[in-house]
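Chemist:
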(Lines of atoms letter the chains of each structure in order from A and count residues from 1; the text may use other names and numbers.)
(Lines give C-alpha, C1' and ligand atoms only; values in the text may rest on other atoms or scores of the structure.)
Protein backbone atom coordinates (compact mmCIF):
# COMPACT_ATOMS: atom_id res chain seq x y z
CA UNK A 1 0.00 0.00 0.00
CA UNK A 2 3.04 2.27 0.17
CA UNK A 3 2.62 3.51 -3.43
CA UNK A 4 -1.12 4.10 -3.15
CA UNK A 5 -2.25 7.60 -4.05
CA UNK A 6 -4.23 8.69 -1.02
CA UNK A 7 -4.62 12.36 -1.96
CA UNK A 8 -5.90 14.20 -5.03
CA UNK A 9 -5.70 17.95 -5.58
CA UNK A 10 -8.90 19.57 -6.82
CA UNK A 11 -7.23 20.01 -10.22
CA UNK A 12 -6.38 16.29 -10.45
CA UNK A 13 -9.88 14.98 -11.18
CA UNK A 14 -8.66 13.60 -14.54
CA UNK A 15 -6.08 11.49 -12.68
CA UNK A 16 -8.85 10.15 -10.47
CA UNK A 17 -10.90 9.30 -13.57
CA UNK A 18 -7.95 7.43 -15.09
CA UNK A 19 -7.28 5.59 -11.81
CA UNK A 20 -10.88 4.46 -11.57
CA UNK A 21 -11.26 3.71 -15.25
CA UNK A 22 -13.43 6.57 -16.42
CA UNK A 23 -16.62 5.95 -14.40
CA UNK A 24 -17.80 9.13 -12.65
CA UNK A 25 -19.80 7.24 -10.02
CA UNK A 26 -16.62 5.45 -8.96
CA UNK A 27 -14.79 8.80 -8.75
CA UNK A 28 -17.52 9.94 -6.37
CA UNK A 29 -16.91 6.74 -4.40
CA UNK A 30 -13.18 7.52 -4.23
CA UNK A 31 -13.29 11.27 -3.55
CA UNK A 32 -16.69 11.48 -1.87
CA UNK A 33 -19.51 13.61 -3.22
CA UNK A 34 -18.10 16.87 -1.89
CA UNK A 35 -14.55 16.28 -3.12
CA UNK A 36 -15.61 15.02 -6.55
CA UNK A 37 -17.95 17.95 -7.10
CA UNK A 38 -15.42 20.51 -5.88
CA UNK A 39 -12.96 19.06 -8.38
CA UNK A 40 -15.57 19.10 -11.14
CA UNK A 41 -16.50 22.73 -10.37
CA UNK A 42 -12.80 23.64 -10.52
CA UNK A 43 -12.62 21.97 -13.93
CA UNK A 44 -15.65 24.08 -15.01
CA UNK A 45 -13.81 27.25 -13.91
CA UNK A 46 -16.34 27.88 -11.15
CA UNK A 47 -14.68 29.89 -8.33
CA UNK A 48 -13.61 27.21 -5.83
CA UNK A 49 -10.93 27.73 -3.13
CA UNK A 50 -7.72 25.71 -3.62
CA UNK A 51 -7.75 22.38 -1.84
CA UNK A 52 -7.29 18.62 -1.94
CA UNK A 53 -9.15 15.45 -1.02
CA UNK A 54 -7.97 12.55 1.13
CA UNK A 55 -9.73 9.53 -0.36
CA UNK A 56 -12.34 7.22 1.13
CA UNK A 57 -9.77 4.43 0.68
CA UNK A 58 -7.54 6.23 3.18
CA UNK A 59 -10.44 6.39 5.64
CA UNK A 60 -11.17 2.66 5.29
CA UNK A 61 -7.48 1.81 5.71
CA UNK A 62 -7.28 4.10 8.76
CA UNK A 63 -10.20 2.22 10.33
CA UNK A 64 -8.76 -1.20 9.38
CA UNK A 65 -5.42 -0.27 10.99
CA UNK A 66 -7.15 0.63 14.22
CA UNK A 67 -6.78 4.41 13.93
CA UNK A 68 -3.34 4.62 12.31
CA UNK A 69 -2.66 6.63 9.16
CA UNK A 70 -1.82 4.40 6.17
CA UNK A 71 1.75 4.40 4.89
CA UNK A 72 2.55 7.34 2.64
CA UNK A 73 -0.44 9.48 3.63
CA UNK A 74 1.52 11.92 5.81
CA UNK A 75 4.16 12.47 3.12
CA UNK A 76 1.51 13.05 0.45
CA UNK A 77 -0.24 15.45 2.81
CA UNK A 78 2.93 17.52 3.18
CA UNK A 79 3.29 17.74 -0.62
CA UNK A 80 -0.36 18.78 -0.96
CA UNK A 81 0.04 21.49 1.68
CA UNK A 82 3.13 22.74 -0.15
CA UNK A 83 0.98 23.06 -3.27
CA UNK A 84 -1.63 25.09 -1.37
CA UNK A 85 1.09 27.39 -0.06
CA UNK A 86 2.43 27.98 -3.57
CA UNK A 87 -1.04 28.46 -5.06
CA UNK A 88 -2.17 30.94 -2.39
CA UNK A 89 1.12 32.70 -1.68
CA UNK A 90 0.59 31.95 2.01
CA UNK A 91 2.38 29.59 4.40
CA UNK A 92 0.83 27.21 6.92
CA UNK A 93 1.88 28.28 10.42
CA UNK A 94 3.63 31.46 9.21
CA UNK A 95 3.40 34.42 11.59
CA UNK A 96 3.33 37.07 8.84
CA UNK A 97 1.13 35.55 6.12
CA UNK A 98 -0.60 32.45 7.52
CA UNK A 99 -2.50 29.91 5.44
CA UNK A 100 -5.68 28.73 7.13
CA UNK A 101 -7.65 25.65 6.02
CA UNK A 102 -10.86 23.82 6.80
CA UNK A 103 -11.17 20.06 7.28
CA UNK A 104 -14.51 18.78 5.95
CA UNK A 105 -16.06 15.33 5.61
CA UNK A 106 -17.56 14.12 2.34
CA UNK A 107 -18.97 10.62 1.82
CA UNK A 108 -20.11 9.15 -1.50
CA UNK A 109 -23.75 9.54 -0.46
CA UNK A 110 -24.69 12.81 1.17
CA UNK A 111 -25.30 12.59 4.94
CA UNK A 112 -26.07 16.23 5.87
CA UNK A 113 -25.01 17.19 9.38
CA UNK A 114 -24.04 13.65 10.36
CA UNK A 115 -20.25 13.97 10.25
CA UNK A 116 -17.73 16.54 11.32
CA UNK A 117 -16.06 19.74 10.11
CA UNK A 118 -13.34 21.94 11.63
CA UNK A 119 -12.74 25.48 10.33
CA UNK A 120 -9.87 28.00 10.67
CA UNK A 121 -7.14 25.38 11.21
CA UNK A 122 -3.76 27.10 11.47
CA UNK A 123 -4.71 29.82 13.92
CA UNK A 124 -2.72 30.11 17.16
CA UNK A 125 -1.48 32.90 19.39
CA UNK A 126 1.21 33.87 16.87
CA UNK A 127 -0.67 33.54 13.57
CA UNK A 128 -3.55 35.53 15.09
CA UNK A 129 -1.25 38.54 15.31
CA UNK A 130 -0.20 38.03 11.69
CA UNK A 131 -3.84 37.85 10.56
CA UNK A 132 -4.66 41.05 12.43
CA UNK A 133 -1.73 42.84 10.77
CA UNK A 134 -2.82 41.57 7.34
CA UNK A 135 -6.54 42.29 7.62
CA UNK A 136 -6.62 45.21 10.06
CA UNK A 137 -9.71 43.51 11.47
CA UNK A 138 -9.11 42.34 15.02
CA UNK A 139 -12.76 41.45 15.57
CA UNK A 140 -12.85 39.09 12.57
CA UNK A 141 -9.61 37.36 13.62
CA UNK A 142 -10.63 36.69 17.21
CA UNK A 143 -14.10 35.60 16.08
CA UNK A 144 -12.36 33.06 13.81
CA UNK A 145 -9.94 31.96 16.56
CA UNK A 146 -12.66 31.28 19.11
CA UNK A 147 -14.54 29.26 16.45
CA UNK A 148 -11.49 27.05 15.92
CA UNK A 149 -11.10 26.38 19.65
CA UNK A 150 -14.84 25.70 20.00
CA UNK A 151 -14.99 23.34 17.01
CA UNK A 152 -11.79 21.61 17.99
CA UNK A 153 -13.16 21.06 21.47
CA UNK A 154 -16.53 19.71 20.38
CA UNK A 155 -15.51 17.79 17.24
CA UNK A 156 -12.01 16.52 18.00
CA UNK A 157 -12.12 16.15 21.78
CA UNK A 158 -15.85 15.55 22.25
CA UNK A 159 -16.62 18.39 24.65
CA UNK A 160 -20.25 19.53 25.09
CA UNK A 161 -20.96 22.58 22.96
CA UNK A 162 -23.00 24.06 25.80
CA UNK A 163 -19.77 24.73 27.73
CA UNK A 164 -18.74 27.19 25.01
CA UNK A 165 -22.18 28.59 24.17
CA UNK A 166 -22.81 29.52 27.80
CA UNK A 167 -19.75 31.77 27.73
CA UNK A 168 -20.98 33.50 24.56
CA UNK A 169 -24.49 33.92 26.01
CA UNK A 170 -23.07 35.44 29.19
CA UNK A 171 -20.90 37.79 27.14
CA UNK A 172 -23.87 38.98 25.06
CA UNK A 173 -25.92 39.48 28.21
CA UNK A 174 -23.15 41.52 29.84
CA UNK A 175 -22.63 43.55 26.65
CA UNK A 176 -26.39 44.05 26.28
CA UNK A 177 -26.47 42.82 22.67
CA UNK A 178 -28.72 40.26 20.99
CA UNK A 179 -26.56 38.56 18.36
CA UNK A 180 -23.00 37.24 18.02
CA UNK A 181 -22.33 39.75 15.23
CA UNK A 182 -22.88 42.61 17.71
CA UNK A 183 -19.93 41.54 19.88
CA UNK A 184 -16.75 43.58 19.46
CA UNK A 185 -13.10 42.60 19.05
CA UNK A 186 -12.49 43.00 22.79
CA UNK A 187 -15.48 40.77 23.55
CA UNK A 188 -14.23 37.99 21.25
CA UNK A 189 -10.69 38.35 22.59
CA UNK A 190 -11.96 37.77 26.12
CA UNK A 191 -14.19 34.88 24.94
CA UNK A 192 -11.16 33.27 23.26
CA UNK A 193 -9.16 33.36 26.50
CA UNK A 194 -12.09 31.82 28.38
CA UNK A 195 -12.41 29.14 25.69
CA UNK A 196 -8.75 28.19 26.17
CA UNK A 197 -9.34 27.74 29.89
CA UNK A 198 -12.49 25.68 29.34
CA UNK A 199 -10.63 23.55 26.79
CA UNK A 200 -7.77 22.83 29.18
CA UNK A 201 -10.12 22.05 32.07
CA UNK A 202 -12.32 19.63 30.07
CA UNK A 203 -9.59 18.06 27.91
CA UNK A 204 -6.85 17.94 30.59
CA UNK A 205 -4.41 19.38 28.03
CA UNK A 206 -4.00 22.77 26.39
CA UNK A 207 -5.40 23.67 22.99
CA UNK A 208 -2.69 22.63 20.47
CA UNK A 209 -0.79 25.63 19.09
CA UNK A 210 1.01 23.62 16.40
CA UNK A 211 -0.97 24.02 13.11
CA UNK A 212 0.28 20.66 11.78
CA UNK A 213 -0.94 18.94 14.92
CA UNK A 214 -4.32 20.69 14.57
CA UNK A 215 -4.69 19.37 11.02
CA UNK A 216 -3.65 15.81 11.87
CA UNK A 217 -6.08 15.58 14.80
CA UNK A 218 -8.93 17.20 12.85
CA UNK A 219 -8.47 14.72 9.98
CA UNK A 220 -8.51 11.81 12.43
CA UNK A 221 -11.74 13.18 13.94
CA UNK A 222 -13.44 13.30 10.53
CA UNK A 223 -12.34 9.72 9.76
CA UNK A 224 -13.66 8.57 13.14
CA UNK A 225 -16.96 10.42 12.65
CA UNK A 226 -17.81 7.87 9.92
CA UNK A 227 -18.54 5.42 12.73
CA UNK A 228 -20.05 8.04 15.05
CA UNK A 229 -23.46 7.36 16.58
CA UNK A 230 -25.30 9.92 14.44
CA UNK A 231 -23.71 8.75 11.19
CA UNK A 232 -24.36 5.05 11.85
CA UNK A 233 -28.00 5.70 12.77
CA UNK A 234 -28.49 7.87 9.67
CA UNK A 235 -26.97 5.21 7.38
CA UNK A 236 -29.10 2.44 8.80
CA UNK A 237 -32.24 4.56 8.42
CA UNK A 238 -31.33 5.63 4.87
CA UNK A 239 -30.06 2.21 3.75
CA UNK A 240 -26.50 3.46 3.11
CA UNK A 241 -23.76 0.75 3.31
CA UNK A 242 -21.37 0.95 6.26
CA UNK A 243 -18.28 0.09 4.20
CA UNK A 244 -18.08 3.21 1.98
CA UNK A 245 -15.97 5.37 4.29
CA UNK A 246 -15.71 9.15 4.09
CA UNK A 247 -13.27 11.34 2.22
CA UNK A 248 -11.70 14.37 3.91
CA UNK A 249 -11.46 17.69 2.09
CA UNK A 250 -8.75 20.16 3.09
CA UNK A 251 -9.84 23.51 1.68
CA UNK A 252 -8.22 26.94 1.82
CA UNK A 253 -10.33 29.11 4.12
CA UNK A 254 -12.44 31.88 2.68
CA UNK A 255 -14.22 34.07 5.16
CA UNK A 256 -17.81 35.23 5.30
CA UNK A 257 -17.21 37.00 8.61
CA UNK A 258 -14.93 39.79 7.39
CA UNK A 259 -17.52 42.56 7.59
CA UNK A 260 -20.67 43.82 5.92
CA UNK A 261 -19.41 42.97 2.40
CA UNK A 262 -18.96 39.31 3.38
CA UNK A 263 -21.55 36.57 3.82
CA UNK A 264 -22.22 32.85 3.80
CA UNK A 265 -25.22 30.80 2.79
CA UNK A 266 -26.90 27.69 1.41
CA UNK A 267 -29.36 27.40 -1.45
CA UNK A 268 -31.18 24.98 -3.75
CA UNK A 269 -31.77 25.62 -7.43
CA UNK A 270 -35.44 24.68 -7.05
CA UNK A 271 -37.91 24.56 -4.19
CA UNK A 272 -37.32 21.35 -2.21
CA UNK A 273 -40.92 21.26 -0.96
CA UNK A 274 -42.94 22.16 -4.06
CA UNK A 275 -40.47 21.73 -6.93
CA UNK A 276 -41.04 25.29 -8.15
CA UNK A 277 -38.28 26.47 -10.50
CA UNK A 278 -36.95 29.18 -8.24
CA UNK A 279 -33.75 29.49 -6.23
CA UNK A 280 -34.47 29.12 -2.52
CA UNK A 281 -32.08 29.41 0.39
CA UNK A 282 -30.75 31.38 3.30
CA UNK A 283 -27.69 33.49 4.02
CA UNK A 284 -26.13 35.65 6.70
CA UNK A 285 -24.02 38.77 6.39
CA UNK A 286 -20.74 38.74 8.36
CA UNK A 287 -20.92 35.08 9.38
CA UNK A 288 -19.32 31.66 8.88
CA UNK A 289 -21.07 28.60 7.52
CA UNK A 290 -22.11 26.96 10.77
CA UNK A 291 -24.04 30.10 11.78
CA UNK A 292 -26.55 29.52 8.97
CA UNK A 293 -27.46 25.99 10.06
CA UNK A 294 -26.97 26.35 13.83
CA UNK A 295 -30.14 28.36 14.34
CA UNK A 296 -28.37 30.89 16.58
CA UNK A 297 -29.04 33.80 14.18
CA UNK A 298 -32.06 34.69 12.07
CA UNK A 299 -31.11 34.05 8.44
CA UNK A 300 -32.18 36.10 5.42
CA UNK A 301 -33.97 34.74 2.37
CA UNK A 302 -31.60 34.34 -0.58
CA UNK A 303 -33.77 36.72 -2.65
CA UNK A 304 -32.64 39.62 -0.45
CA UNK A 305 -29.03 39.08 -1.58
CA UNK A 306 -30.15 40.50 -4.93
CA UNK A 307 -30.69 43.85 -3.19
CA UNK A 308 -27.71 43.76 -0.83
CA UNK A 309 -25.10 42.49 -3.31
CA UNK A 310 -26.63 42.63 -6.80
CA UNK A 311 -23.47 41.83 -8.77
CA UNK A 312 -22.63 38.86 -6.54
CA UNK A 313 -26.20 37.56 -6.78
CA UNK A 314 -26.14 37.76 -10.58
CA UNK A 315 -22.89 35.75 -10.67
CA UNK A 316 -24.30 33.24 -8.19
CA UNK A 317 -27.49 32.83 -10.19
CA UNK A 318 -25.52 32.17 -13.39
CA UNK A 319 -23.27 29.62 -11.67
CA UNK A 320 -26.08 27.57 -10.12
CA UNK A 321 -27.94 27.49 -13.44
CA UNK A 322 -24.76 26.13 -15.07
CA UNK A 323 -24.40 23.53 -12.33
CA UNK A 324 -28.01 22.36 -12.67
CA UNK A 325 -27.64 22.04 -16.44
CA UNK A 326 -24.26 20.27 -16.10
CA UNK A 327 -25.52 17.68 -13.62
CA UNK A 328 -29.09 17.47 -14.97
CA UNK A 329 -30.32 17.63 -11.38
CA UNK A 330 -31.58 20.10 -8.81
CA UNK A 331 -28.50 21.28 -6.90
CA UNK A 332 -27.99 22.03 -3.21
CA UNK A 333 -25.07 24.46 -2.87
CA UNK A 334 -23.01 26.18 -0.19
CA UNK A 335 -21.27 29.49 -0.81
CA UNK A 336 -19.21 32.17 0.88
CA UNK A 337 -18.71 35.80 -0.10
CA UNK A 338 -15.41 37.26 1.10
CA UNK A 339 -15.13 41.03 0.68
CA UNK A 340 -17.46 40.95 -2.31
CA UNK A 341 -15.83 37.87 -3.94
CA UNK A 342 -18.04 34.80 -4.44
CA UNK A 343 -16.68 31.33 -3.65
CA UNK A 344 -18.57 28.05 -4.14
CA UNK A 345 -17.87 25.53 -1.37
CA UNK A 346 -20.12 22.64 -2.35
CA UNK A 347 -22.70 21.37 -4.80
CA UNK A 348 -24.68 18.15 -4.54
CA UNK A 349 -28.03 16.69 -5.58
CA UNK A 350 -30.72 18.40 -3.51
CA UNK A 351 -33.04 16.45 -1.26
CA UNK A 352 -36.74 16.97 -1.89
CA UNK A 353 -40.24 15.91 -0.91
CA UNK A 354 -42.24 13.44 -2.96
CA UNK A 355 -44.37 16.25 -4.41
CA UNK A 356 -41.23 18.15 -5.36
CA UNK A 357 -39.61 15.05 -6.88
CA UNK A 358 -42.54 14.52 -9.26
CA UNK A 359 -42.72 18.16 -10.35
CA UNK A 360 -38.96 18.51 -10.84
CA UNK A 361 -38.78 15.29 -12.86
CA UNK A 362 -41.61 16.42 -15.15
CA UNK A 363 -40.28 19.97 -15.51
CA UNK A 364 -36.73 18.84 -16.29
CA UNK A 365 -38.02 16.44 -18.93
CA UNK A 366 -40.04 19.27 -20.49
CA UNK A 367 -36.96 21.52 -20.34
CA UNK A 368 -35.01 18.72 -22.09
CA UNK A 369 -32.44 18.57 -19.30
CA UNK A 370 -33.25 14.86 -18.92
CA UNK A 371 -35.17 12.27 -20.94
CA UNK A 372 -38.72 11.17 -20.14
CA UNK A 373 -37.33 7.76 -19.13
CA UNK A 374 -34.93 9.41 -16.67
CA UNK A 375 -37.83 11.44 -15.27
CA UNK A 376 -39.83 8.29 -14.52
CA UNK A 377 -36.83 6.57 -12.91
CA UNK A 378 -36.19 9.55 -10.62
CA UNK A 379 -39.46 9.09 -8.75
CA UNK A 380 -38.92 6.18 -6.36
CA UNK A 381 -41.65 3.84 -5.06
CA UNK A 382 -41.08 4.97 -1.45
CA UNK A 383 -41.76 8.55 -2.57
CA UNK A 384 -45.12 7.50 -3.99
CA UNK A 385 -45.92 6.17 -0.51
CA UNK A 386 -45.62 9.73 0.79
CA UNK A 387 -48.74 10.68 -1.18
CA UNK A 388 -50.69 8.11 0.83
CA UNK A 389 -50.05 9.96 4.08
CA UNK A 390 -52.58 12.51 5.37
CA UNK A 391 -51.65 16.07 4.36
CA UNK A 392 -52.38 19.49 5.79
CA UNK A 393 -54.38 21.57 3.35
CA UNK A 394 -53.26 25.12 2.69
CA UNK A 395 -56.69 26.29 3.84
CA UNK A 396 -56.27 24.48 7.17
CA UNK A 397 -52.93 26.15 7.77
CA UNK A 398 -54.40 29.58 7.04
CA UNK A 399 -57.37 28.88 9.30
CA UNK A 400 -55.03 27.81 12.11
CA UNK A 401 -52.94 30.94 11.66
CA UNK A 402 -55.98 33.23 11.62
CA UNK A 403 -57.43 31.52 14.69
CA UNK A 404 -54.20 32.05 16.60
CA UNK A 405 -53.48 28.34 17.04
CA UNK A 406 -50.40 28.15 14.79
CA UNK A 407 -47.40 27.69 17.12
CA UNK A 408 -44.53 27.50 14.64
CA UNK A 409 -43.56 26.65 11.09
CA UNK A 410 -40.43 25.10 9.66
CA UNK A 411 -38.84 23.23 6.78
CA UNK A 412 -40.96 20.37 5.44
CA UNK A 413 -38.96 17.18 5.96
CA UNK A 414 -41.74 14.78 7.05
CA UNK A 415 -44.02 12.69 4.84
CA UNK A 416 -47.22 14.49 5.87
CA UNK A 417 -49.45 15.61 8.71
CA UNK A 418 -48.71 14.11 12.12
CA UNK A 419 -49.92 14.14 15.70
CA UNK A 420 -47.64 13.50 18.66
CA UNK A 421 -45.41 14.82 21.40
CA UNK A 422 -42.52 17.16 20.69
CA UNK A 423 -39.00 16.01 21.64
CA UNK A 424 -36.30 18.68 21.45
CA UNK A 425 -33.40 16.22 21.59
CA UNK A 426 -32.60 13.51 19.00
CA UNK A 427 -31.62 10.89 21.61
CA UNK A 428 -34.84 11.52 23.54
CA UNK A 429 -36.90 11.15 20.36
CA UNK A 430 -35.16 7.85 19.64
CA UNK A 431 -35.85 6.63 23.18
CA UNK A 432 -39.54 7.56 22.98
CA UNK A 433 -39.76 5.99 19.53
CA UNK A 434 -38.66 2.64 20.93
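Numbering (the working numbering), first residue to last: 6 to 439. Glycine residues also receive a C-beta, built at the ideal position from the N, C-alpha and C atoms.
1) Which partner residues does residue 305 have in the DSSP bridge list?
2) According to DSSP, what are the bridge partners of residue 173?
3) Kindly indicate which residue of 340, 392 and 274 has the alpha-carbon position closest to the one of residue 363.
4) Is the distance from the Cβ of residue 280 to the Cβ of residue 339 below 8 Å?
5) Less than 7 Å between C-beta atoms, sequence neighbours within five positions excluded: which residues of the same chain meet that for residue 74?
6) Going along the chain, which residues of its own chain have a beta-carbon closer than 6 Å to the beta-carbon of residue 86, five neighbours each way excluded?
7) By how many angstroms is the C-alpha of residue 275 removed from the C-alpha of residue 329?
8) Identify, in the order they occur along the chain, each residue of the same chain with its Cβ nearer than 7 Å to the Cβ of residue 33, setting aside the five sequence neighbours on each side.
9) Ordered along the chain, which non-local residues of its own chain (more than five positions away) have a Cβ less than 6 Å from that of residue 440?
10) If distances are taken between C-alpha atoms only, which option among 312, 264, 45 and 302 comes closest to residue 341?
11) Report all residues from its chain with a CB closer than 7 Å to the CB of residue 36; omit the five preceding and five following residues, and keep chain order.
12) Is DSSP giving residue 454 helix, strand or coil here?
13) I'd like to know whether the C-beta atoms of residue 149 and residue 227 end up nearer to each other than 8 Å.
14) Skipping 5 residues on each side, what residues in its chain have a beta carbon closer than 8 Å to that of residue 179?
15) Assign residue 126 to one of three DSSP states: helix, strand, or coil.
16) Can you tell me whether residue 210 is buried or exposed, with buried defined as 16 or more other CB within 10 angstroms of its CB?
17) Considering just the uninterrupted stretch of the alpha helix (DSSP H) at residue 79, what are its terminal residues?
18) Can you give the Cα-Cα distance for residue 172 and residue 199, rounded to whole angstroms?
19) Taking the CB atoms as reference points, tell me whether residue 292 and residue 261 lie closer together than 8 Å.
20) Label residue 50 either buried or exposed according to how many other C-beta atoms from any shown protein chain fall within 10 Å of its C-beta, with 16 as the threshold for buried.
21) Should residue 220 and residue 126 be called a contact, given that it needs their Cβ atoms to be closer than 8 Å?
22) With H, G and I counted as helix, E and B as strand and the rest as coil, what does DSSP make of residue 293?
23) Specify the secondary structure class of residue 184 as computed by DSSP and reduced to three states.
24) Which word fits residue 193, buried or exposed, when buried means at least 16 other C-beta atoms lie within 10 angstroms of its C-beta?
25) Which same chain residues end up closer than 8 Å to residue 355 when comparing Cβ atoms and leaving out the 5 residues on each side of it in sequence?
26) Among 345, 325, 305 and 326, which has the Cα closest to the Cα of residue 315?
27) For residue 281, which three-state DSSP category applies?
28) When the distance is taken between beta carbons, is residue 269 closer than 8 Å to residue 289?
29) Among residues of its own chain, excluding the 5 on either side of residue 183, which ones have a beta-carbon nearer than 6 Å to its beta-carbon?
30) State the start and end residues of the unbroken alpha helix (DSSP H) segment that holds residue 156.
31) Taking the DSSP output, what are the residues bridged to residue 353?
32) If you follow the beta strand (DSSP E) that residue 1 is part of, which residue opens it and which one closes it?
33) Name the two residues that bound the continuous alpha helix (DSSP H) containing residue 35.
34) Residue 106 by DSSP, collapsed to three states: which one?
35) State the start and end residues of the unbroken alpha helix (DSSP H) segment that holds residue 332.
36) What are the complete alpha helix (DSSP H) segments, minimum 4 residues, inside the segment 211-235?
Modeler: For this structure:
1) 288
2) Partner(s): none; residue 173 has no beta bridge.
3) 392
4) For the 8 Å CB-CB criterion, residue 280 and residue 339 do not form a contact.
5) If we look at residue 74 and ignore the five residues flanking it on each side, its Cβ neighbours are 67.
6) 97
7) 10 Å
8) 41 and 113
9) Because the chain here runs from 6 to 439, residue 440 falls outside it and cannot be looked at.
10) Comparing Cα positions, the closest option is 264.
11) 13, 21, 44, 58, 60 and 252
12) The shown model of the chain, from 6 to 439, leaves out residue 454, and the question about it has no answer.
13) no
14) Nothing meets the Cβ criterion.
15) strand
16) With a threshold of 16 other beta carbon atoms within 10 Å, residue 210 falls short and is exposed.
17) 78-93
18) 8 Å
19) Cβ atoms of residue 292 and residue 261: closer than 8 Å.
20) exposed
21) Yes. Within cutoff.
22) coil
23) coil
24) Flag for residue 193 reads buried.
25) Closer than 8 Å at the Cβ level, and outside the excluded window around residue 355, lie 273, 274, 275, 277, 334, 335, 336 and 337.
26) 345
27) coil
28) yes
29) none
30) 143-156 is the extent of the alpha helix (DSSP H) around residue 156.
31) 337
32) The chain is shown only over 6 to 439; residue 1 falls outside these bounds and no answer can be derived.
33) 29-48
34) strand
35) 315-332
36) Within the segment 211-235, the complete alpha helix (DSSP H) runs of at least 4 residues are 216-230.
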